[in-house]
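> Please read through the structure below; I'll follow up with questions.
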Amino acid sequence: MNPTLGVCYYPEHWPEEIWATDAARMVDTGLTWVRIGEFAWTRMEPKPGQLDLAWLDRAIDTLGNAGLKVVLGTPTATPPRWMIDKHPDMLARDVSGQIRKFGSRRHYCFSHEGYRAESARIARILGERYGRHEHVHAWQIDNEYACHNTTLSYSEAALSGFRNWLAQKYQSTDALNRAWGNVFWSMDYDDFDQIDLPNLTTTEPNPAHVLDFKRYSSDQVIAFNKVQTDTLRPLTDKPLIHNYMGRELTFDHFKLGADLDIASWDSYPIGFLSDRLEADEADKTSYLRQGDPDNQALHHDLYRAVGRGRWWIMEQQPGPVNWAPWNPAPLPGMARLWAWEAIAHGAEAVCYFRWRQAPFAQEQNHAGLLRPDSVAAPALAEAAQVAREIKDFGEVIPAQGHVAFLFDYEADWVFGTQPQGADFSYFRLVLDAYRALRRAGLSIDILPKDADLAGYKLVVAPGLAIMDDTLKTRLAEHDGHVIVGPRSGSKDQDGAIPVPLPPNLPGLDATVTFVESIPPGAQDLLEDAGSFVHWSERLEGTANVTLKTKNDHPALVTSGTLHYLAGWPDRAAWDHILKLIAPAAGLYLEVLPPGLRVRDTATHRFAFNYGAAPVHWRGIVIPPAGLHWVDI
Amino acid sequence: MNPTLGVCYYPEHWPEEIWATDAARMVDTGLTWVRIGEFAWTRMEPKPGQLDLAWLDRAIDTLGNAGLKVVLGTPTATPPRWMIDKHPDMLARDVSGQIRKFGSRRHYCFSHEGYRAESARIARILGERYGRHEHVHAWQIDNEYACHNTTLSYSEAALSGFRNWLAQKYQSTDALNRAWGNVFWSMDYDDFDQIDLPNLTTTEPNPAHVLDFKRYSSDQVIAFNKVQTDTLRPLTDKPLIHNYMGRELTFDHFKLGADLDIASWDSYPIGFLSDRLEADEADKTSYLRQGDPDNQALHHDLYRAVGRGRWWIMEQQPGPVNWAPWNPAPLPGMARLWAWEAIAHGAEAVCYFRWRQAPFAQEQNHAGLLRPDSVAAPALAEAAQVAREIKDFGEVIPAQGHVAFLFDYEADWVFGTQPQGADFSYFRLVLDAYRALRRAGLSIDILPKDADLAGYKLVVAPGLAIMDDTLKTRLAEHDGHVIVGPRSGSKDQDGAIPVPLPPNLPGLDATVTFVESIPPGAQDLLEDAGSFVHWSERLEGTANVTLKTKNDHPALVTSGTLHYLAGWPDRAAWDHILKLIAPAAGLYLEVLPPGLRVRDTATHRFAFNYGAAPVHWRGIVIPPAGLHWVDI
Amino acid sequence: MNPTLGVCYYPEHWPEEIWATDAARMVDTGLTWVRIGEFAWTRMEPKPGQLDLAWLDRAIDTLGNAGLKVVLGTPTATPPRWMIDKHPDMLARDVSGQIRKFGSRRHYCFSHEGYRAESARIARILGERYGRHEHVHAWQIDNEYACHNTTLSYSEAALSGFRNWLAQKYQSTDALNRAWGNVFWSMDYDDFDQIDLPNLTTTEPNPAHVLDFKRYSSDQVIAFNKVQTDTLRPLTDKPLIHNYMGRELTFDHFKLGADLDIASWDSYPIGFLSDRLEADEADKTSYLRQGDPDNQALHHDLYRAVGRGRWWIMEQQPGPVNWAPWNPAPLPGMARLWAWEAIAHGAEAVCYFRWRQAPFAQEQNHAGLLRPDSVAAPALAEAAQVAREIKDFGEVIPAQGHVAFLFDYEADWVFGTQPQGADFSYFRLVLDAYRALRRAGLSIDILPKDADLAGYKLVVAPGLAIMDDTLKTRLAEHDGHVIVGPRSGSKDQDGAIPVPLPPNLPGLDATVTFVESIPPGAQDLLEDAGSFVHWSERLEGTANVTLKTKNDHPALVTSGTLHYLAGWPDRAAWDHILKLIAPAAGLYLEVLPPGLRVRDTATHRFAFNYGAAPVHWRGIVIPPAGLHWVDI
Ligand SMILES: [Zn+2]
Ligand SMILES: [Zn+2]
Ligand SMILES: [Zn+2]
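Protein chains in written order, with this note's numbering: chain H, 867 to 1498; chain D, 867 to 1498; chain A, 867 to 1498.
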């Protein structure tokens, strides 16, 4: 696959006179793709049923005729104000029951049937007009599902949808009462219509109630999306794409991705480090202008799985953004590095967000490739450089990673409902494990629980809350090393503790007899290096103890190639554990200088310097924000 | 009194087939008591008026026939879902006016008359059936009143109840306006129906308005409880008990306790240290797996007063819990130590919570004596050890403490409304003073303001916001040393500053001329040792200055045996003050190693090692979580 | 001008028998003014239309006959409870839509027409009775507009007022859509009645929408005030005053001040340091009992501008207050120092708040000149000392300051809506610059953007978000040095980024190409001293670079006497920048010991020691809380 670049563009924001110039400049920069349309509903349909698509025809033609391929967005993330008059109850409600009003974006409840029909209607209108258009080469459905905390809505529509969903799932309230353990505090129901949404309860609601509501809500996102893909499929042969957000776990992307052709995500490394990542203060300062050195890679690997191998960056941060608590500017070179890193992870395309900085409205401080006065911003030259470089580079041939990393959305819902420790987060646990693998120079494939694991010398599965017997057997029988835990298999399908107690892995005699969460400042010291932090489990059983705590409790137990990890390792502990297991698994761990990260394709090892200082690697010096590749 | 052990059990959570085995195992463990029923309303009355008590008959018989004594709970903390249909307005409202919905527990407003009648009804049903039952040896009314912040409700029922209560108290709005000082900001009322609940005001409401609402709300808890005790009294001769929570000061436990026979409390040392105690970070880490070394003792002494000498632990933490921000596991031995400490403070019974860990619902991560798979959890053996030890020990004979410590719920309401310093808390002030007395090896009796003080060589009364003349005279004339202050007597019955100014103690010429609250990081240094922190007062008058600040202001003034303390001493200052006063009072202060605490009965001095290291005491080594007793 | 002192008094709080004694004691203390009446509406009009002003007649006569001049307040900050029955919809709503209930003060929505009419009615009643009264020498309108966050209300009255205001401003929704950039996310409106208030939107609302709502809300405060001034003007010749709060920027004080004769403000140095000022922890501790050494001066200079030269302190902190998170007592001498500092800045009068501490209601812990038992509190003697000293001193003759400091309320609205960095605050930026000028010994005049700048050797204008061409030209052509920036001119009238890009100053070729916000712990190091913190800009252009960052970017660029500052200097950087510019501007910078601040009148240089240690200055020792003046 030969990677390409693109950009997000809003013709409706600019005078028609400059469209052609913009298009020519995009082509000059070496861009292939231009994404348009996803927020333009009022321009497409200024009043209910009164369409105005002539401007869009001209925009597509102008861009296409210049040589660009158009990604056309359905505008359903921004229903017009008149839509609220038509469907006054389509607005979502927040956890406190407040209506989330019109005036920004994503102002709709996924459960609302009326709005789903409207979404299908506008998708049909666009599909009929542009489905076979020569310049429209891909579609984006909606925009950043779940962003702004919109998956969970506590509206009337959600309430009634949830009751139906429960009735279909459980068939009887008796079955539901049993599954949820409602006997616990006399919480039993006689009728599905007695069941409320799990907000505003006197103290915390039943976690099974919450888990089902999260499952229901995830299903609504998928159903909402499917209404549009079902509409568009007969009307176009072009790939259907959604642009997912970073660290967004409120719906099952694997399920939603199954209805699409390509996964894409919106990569804002500096914004994400500021607003949604746990990192120690020293790292937050060191990587202030580069972003976390592992978070992008993790998402690349995740969305490659979501897209079943096909994935893009739909929005790539080009400069300072506007929406994080603090918004520093990237180091010169980062807009190049990020793009190349995505490509090394198999991205088919990387689109910068956005072409020209908008001087007005919510994102007026969000940099683009151009400044508001149309002068080139720093990232334009970097994009042009990447464009030249990928042309020279030629085909990027993907390779299977060294490590399979199992990832599960439901695990986040389970632990988010009952974290048991205030700083326990599934994603954080995943990121810590992923970071350790990356520090060791490994290339990783993130996979769903049911993925084929053939060929992987190492499988890592921390925090897989719910594991069925099939999965356990597959892991136990896997032809390679497997690290499971902590907390893996700790819940059954109903979110309750299974008996026999976890992890209950075939062939591994180890039982978690109790667990403890550990506050900041405390830890459970391990024997050779590092500590368990945040979380520690006490194990019983006859499995071999590969690693102990200083208090002489098992920290890692092993049977053959199957390992169970009984806590949350800190950095030193993770590094030590990988050194214990990787050689046996036949994996070579490269010692990398701080800030350097590598990624292998079938033909090359790429190295990316996230650090603020130059580093030596394989005989050359890589400057800050620099990258280098060598043949494998 | 020969102490006994017990356990909390939920037959309705488990198959009937295992009840007998469970009961036999409880007896084997040496347990005497089993508490059941308090959350089982839907099992007792699945539909309105349709009773099903046969299972409860069988459960009581199974447990009783095995040799256990049953404590039967009224299930009023968990009204069934159908109750909400019957009384839609029975749900409480939070301070922002939101309904606190069904779906967990304690979902009722104490002011709701209809629900009070339902509570009487179910209490009557249980009383008539089990009041004279051979195996029912005690009753628990409801469960953990006020838990989950449920004392204050901003519902319609509360509003109308509050207006009536005010009308009865004040008879006229003129009287109310005068008492509250409503002239201050033209807040006068002409009619009791104009008075709203004191939430959501533009800026802070009149503190007198809030104080009366807190008094009203406390009265409703007491009235709610009394409806049940009045119902049960004619139907049973067995003791009536309530299980109070830790650090719960929103209603007057002394008043509520007067309607019961025994006080009990739910002791979760590790959970409480994590979620509701101020302690410096080093202490929080040192005592992470033991709990605060003084908080249990304080509550034991408090609830002994609430129970007029008769008190239990109704729920004793056995392992990690689920509800605190972090939930570490107790050190091995703590489940024994905590029980023995309660016994040394005079507990008649200590019941562990709970028998078997529930794998489902809200508390699925809360340890029991058994694991969910019925295997013994670590605390089971500790409980069995305590059972053997108390049998060997024989009678525990209580003795009057060295120190009388006056405690007052209203003081917390007053200072909670107008703390004057963001970190001023009555309970924290009390705990700091209590800790100092314990570090000095003293045994303490906590007492209400009107208690008989005869025989006490030292009386301590910090923060007694409201003191009437009788109390002042009793303290001034007390035959022993008395430490009053800070802030004692600083408010009158209406919550206003009294004139003459405080403390206005007979025979002590000292007037608080102004006060200051002190932020963290600042302090008022004392002359010989330590500082005032959080709070400092400026005194005028001719009383002897026993201790000065470095700025030459009186810190402790004295007339005979009566002392007034003009600030909040830190640890070093408290230790110094006790060394100044105790010898004169005829009290011997034992020097204890860090982490060790002692408690005297009439015959023994018990020592408990809360530290994580072994300590030497009286020639022996006490290991961490160890205890020892010597004859007095 | 010969300065005078006064006090705030509430005759309605005290028995009539003591009024005369109080008045005599005020006169004895040397006070001239007594402010009364502003919270006494229920005493003036106990029931709708039923007036009782006889007590007020007697109070005014008692005070006046004793020799005091009365400032009479209109009581509109505290509408009686019956007013809410008359106008149930007059209450404001908070940002979450909740009604802000009766029970404290300021419980009204500025947009409510009915309440405006009531305000006019009571002002007319008072004006007709006391407008020509021999003892009434000034009027106070309402009390502390905006206090308790009351400018913005999300009520029905505000919604309807806002729609009308928008319709008048924009004439068509097309114009509004263009101005706001509503095309951005399909946020266009077809009808003004579709426009909602900008609260509770799904994610952040359009900043232009918010900015207009802030402008509208500011206008309502001004309109509300004008209804009263229009009513009183024909009825009295005495000056009309309002008492503004500290750090209150939600309405345009310059506009409101234009309808009044004198500006006054309520100065609580210790409360403000605790509750509303950014300062490093060391400074917060050093100045705990003195207040920030620059914040009072800044407000004095600001309100002198608001009052077009005529200004008072209407409420001067006399001792500990009740409303800050922590409320330490002032050092002895501060009640004198604060008064003299105000006088040195040109105050005509300084009134202490309050005469006698009220023992009841919300402010019962707020010190007065007297204690609740009528004994003198420490500040009484200090007030008397000031009274004697100002009598001896004679006339205070104001002088133009060395520096003109441009201040703009709208800038705070703009940056408050889109700070771009979580700790970016316009006021904080202003205070940091002001502090630097004060540390350098300069006297400052704060001025609105349209003020005459003639005679100023230095003009400072940080963060002037919106600058029109006239202002830019005036600054460029100013006959003296001018420092503009950071962020000055960064927005147009609609709150959007202007093109050409900022600062776009005549004659200065410098363009801000991008900006970055910087989190705590990070900084942009400057070449010679200090750093940019919080904010840094990247400049392009040919202007001379006067100061660079260590990364070799322009930090300060200059053309002639016009400087643009491209970041937020820390303390060391500000001191360095002033040393670069002041000599060229012909300003002498005095080296002051820490904690000492100076202020010049036409005849004297006054020095105030805010430090907790004595300092040497001009050959004498000034003790803590001490002051000194020398001839110029
Ligand atoms: Zn986006
Ligand atoms: Zn409990
Ligand atoms: Zn005030």
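All C-beta atoms, glycine included, are put in the ideal place defined by N, C-alpha and C.
For clarity, every value in this text was computed on a predicted model and none was experimentally measured.
Output, in sequence order along the chain, the residues in the segment 1179 to 1200 of chain H whose CB is closer than 9 Å to any CB in chain A.
Listed in sequence order: Gly-1185, Pro-1186, Asn-1188, Trp-1189, Ala-1190, Pro-1191, Trp-1192, Asn-1193, Pro-1194, Ala-1195.
> Under DSSP, the beta strand (DSSP E) around D:Pro-1420 begins and ends at which residues?
Where D:Pro-1420 is concerned, the enclosing beta strand (DSSP E) stretches over 1420 to 1425.
> What are the boundary residues of the alpha helix (DSSP H) that includes D:Pro-1449?
Where D:Pro-1449 is concerned, the enclosing alpha helix (DSSP H) stretches over 1437 to 1451.
> A:Lys-1035: buried (16+ other C-beta within 10 angstroms of its C-beta) or exposed?
Exposed, since its Cβ has fewer than 16 Cβ neighbours within 10 Å.
> Just mark H:Ala-1004 as buried or exposed, buried being the case when its beta carbon has 16 or more other beta carbons within 10 Å.
With 16 or more other Cβ atoms within 10 Å, it is buried.
> In terms of residue numbering, what span does the beta strand (DSSP E) encompassing A:Ala-1215 cover?
First-last of the beta strand (DSSP E) with A:Ala-1215: 1215 to 1218.
> So which residues of chain D does A:Glu-1147 contact, with C-beta pairs closer than 8 Å?
Going along chain D in sequence order, the residues near A:Glu-1147 (Cβ under 8 Å) are Gly-1387.
> Verify the contact flag: D:Ala-1163, CB atom, against every heavy atom of ligand 4, threshold strictly below 7 Å.
In terms of ligand content, the structure shown lacks ligand 4 and carries ligand 1, ligand 2 and ligand 3 instead.
> Looking only at C-alpha atoms, which of A:Tyr-1292, A:Asp-1103, A:Gly-1461, A:Lys-1414 sits nearest to A:Ala-1439?
Ranking A:Tyr-1292, A:Asp-1103, A:Gly-1461, A:Lys-1414 by Cα distance to A:Ala-1439 puts A:Lys-1414 first.
> Give a yes or no on whether the C-beta atoms belonging to A:Ile-1384 and A:Ser-1356 are separated by under 8 Å.
It is not a contact, given that the beta carbons lie outside the stated cut-off.
> State the Cα-Cα distance for the pair H:Arg-990 and H:Leu-1098, rounded to the nearest angstrom.
Between H:Arg-990 and H:Leu-1098, the C-alpha separation is close to 7 Å.
> Quick one: grab the DSSP three-state call for A:Thr-1408.
Coil, per DSSP.
> Would you list the residues sitting across from A:His-1347 in a DSSP beta bridge?
A:His-1347 is bridged to A:Leu-1324.
> For D:Asp-1085, which of D:Lys-1121, D:Pro-946, D:Ile-1332, D:Asn-1072 has the nearest alpha-carbon?
Nearest of D:Lys-1121, D:Pro-946, D:Ile-1332, D:Asn-1072 to D:Asp-1085, Cα basis: D:Lys-1121.
> Please name the residue, chosen from H:Pro-1435, H:Leu-1367, H:Ser-1021, H:Ala-1195, that lies closest to H:Glu-1393 on a Cα-to-Cα basis.
When each option's Cα is compared against that of H:Glu-1393, the closest is H:Pro-1435.
> How should H:Ser-985 be labelled, buried or exposed, when 16 other C-beta atoms within 10 angstroms of its C-beta is the threshold for buried?
Per the 10 Å Cβ criterion, buried.
> For D:Asn-1030, is the classification buried or exposed, using 16 other Cβ atoms within 10 angstroms of its Cβ as the cut-off for buried?
Answer is exposed; the Cβ neighbour count stays below 16.
> Can you round the beta-carbon distance between D:Thr-1342 and D:Gly-1373 to whole angstroms, since I take them to be within the 8 Å contact cut?
Looking at the sequence itself, residue 1342 of chain D is Ala, so the reference to Thr does not match. D:Ala-1342 to D:Gly-1373, Cβ: 5 Å. Contact.
> Taking the C-alpha atoms as reference points, what is the distance between D:Leu-1308 and D:His-1268?
Approximately 6 Å, taken between the alpha carbons.
> Mapping DSSP to helix, strand and coil, what is D:Ile-950?
Residue state, collapsed to three classes: helix.
> Pick from A:Arg-1304, A:Arg-1471, A:Leu-1324: whose alpha carbon is nearest that of A:Pro-1460?
Of the listed residues, the one whose Cα sits closest to A:Pro-1460 is A:Arg-1304.
> According to DSSP, which residues form a beta bridge with H:Glu-1181?
For H:Glu-1181, which the question treats as bridged, DSSP gives the partners H:Asp-1132.
> I need the straight-line Cα distance from H:Arg-1044 to H:Asp-1360, nearest angstrom please.
When rounded, the distance between both Cα atoms is 10 Å.
> In its own chain, which residues sit with a C-beta less than 7 Å from the C-beta of D:Leu-1246, not counting the 5 before and 5 after it?
So the qualifying residues of the chain are Thr-895, Leu-1235, Leu-1236.
> List the whole-angstrom C-beta distance separating A:Thr-944 from D:Trp-1051, where the pair is believed to meet the contact cut-off of C-beta under 8 Å.
About 5 Å; that satisfies the 8 Å criterion.
> Could you round the C-beta distance between A:Ala-932 and A:Ala-983 to whole angstroms and report it? I think they count as a contact, below 8 Å.
Not confirmed; about 36 Å, so no contact.
> Could you check whether the Cβ of D:Gln-1060 sits closer than 8 Å to any Cβ belonging to chain E?
Reference to chain E is not applicable here, since the protein chains of this structure are H, D and A.
> Is the CB of H:Phe-1050 under 8 Å away from at least one CB in chain A?
Output row for H:Phe-1050: interface = no.
> What in chain H is Cβ-close to D:Trp-907, meaning under 8 Å?
Result: Ser-1052.
> Does the segment 1062 to 1069 of chain A come within contact of the segment 961 to 981 of chain H, defined as at least 3 CB pairs closer than 8 Å?
Output reads yes: the segment 961 to 981 of chain H touches the segment 1062 to 1069 of chain A.
> Are H:Gln-1286 and D:Asn-1193 closer than 8 Å when you measure CB to CB?
It is a contact, given that the beta carbons lie within the stated cut-off.
> Out of D:Ser-962, D:His-1211, D:Leu-957, D:Gly-980, which has the shortest C-alpha to C-alpha gap to D:Arg-972?
When each option's Cα is compared against that of D:Arg-972, the closest is D:Leu-957.
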